[in-house]
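So the number in this note's numbering is just where the residue sits in the sequence shown, counting from 1, plus 1.
A virtual CB, placed ideally from N, CA and C, is assigned to each residue, including glycine.
Note that the coordinates shown come from a computational prediction; the quantities given were computed from them, not determined experimentally.
Structure first, then comments.
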Amino acid sequence: MAKITKQQKIIEALTLAGDTGIHSYQMRQIGGLQAPVRIMELKEMGYNITSHPEKMGNTTGCRYFLNKVISQIQNKIIGYQFDDTANMAIPIYG
2 MAKITKQQKI IEALTLAGDT GIHSYQMRQI GGLQAPVRIM ELKEMGYNIT
52 SHPEKMGNTT GCRYFLNKVI SQIQNKIIGY QFDDTANMAI PIYG
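Right, dumping it as structure tokens:
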């Protein structure tokens, strides 16, 4: 089975978060210290991710949102399929 990348973890987390989004502090726990770089890569891949400044306790950061209105968002990831062209595992929704 293919290894799940941090990009995939971020997309899954943003999908599950829905309209509430994810604060950058929480994002670092998912995507590590390079989470902003992973977000930039995902945007370059065509994901519509936006952010808004927000303070969480004493932590200043932003809240990320995945603005992708498709039926897949309502479904759970049931597995992954490896894409040789992209050299990464792509989520399968069910």
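For residue j and residue i, the rounded distance between their alpha carbons
i, j, result
"I93", "M28", "22 Å"
"K4", "D85", "13 Å"
"G58", "Q82", "39 Å"
"Q30", "P37", "12 Å"
"I79", "I50", "23 Å"
Burial state of residue i, where buried means 16 or more other Cβ atoms lie within 10 Å
i, result
"H53", "exposed"
"L17", "exposed"
"Q35", "exposed"
Residue i - DSSP class collapsed to helix/strand/coil
i, result
"Y65", "strand"
"K10", "helix"
"M57", "strand"
"D84", "strand"
"I5", "coil"
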